[in-house]
Amino acid sequence: MSRLTDEETARRVQWLIQYDPQPPFGGIDYQHMKLFPRVIRGMSSLRAPLYTRKPHQLIRLGR
């Protein structure tokens, strides 16, 4: 990705796809990211139980 764009964009893409096995720019440094993407990531973590609860309820109801 860094060959196609600049390093900041490559880091952003790395963060968006949660790429972390052996990333070319090191581990994801969340302090390096701007505040808004970090807030969105945190909100996604908080909403995860809501996303998983609905399928379980539908399975229980036989739908």
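When we follow this note's numbering, the leftmost residue of the sequence shown carries the number 4, and every step to the right adds one.
Glycine residues also receive a C-beta, built at the ideal position from the N, C-alpha and C atoms.
Note that this is a predicted model, so its numbers are computed, not measured.
CA nearest to the CA of residue 45, picked from 18, 65, 12:
18
Residue 6 lies in the alpha helix (DSSP H); which residues open and close that run?
Per DSSP, residue 6 belongs to no alpha helix (DSSP H) and is neither H nor E.
Roughly how many angstroms separate the alpha carbons of residue 6 and residue 42, rounded to a whole number?
28 Å
Backbone secondary structure at residue 65 - three-state DSSP:
Of the three classes helix, strand and coil, the one that applies to residue 65 here is coil, per DSSP.
Burial state of residue 14 (16 or more Cβ within 10 Å)
buried
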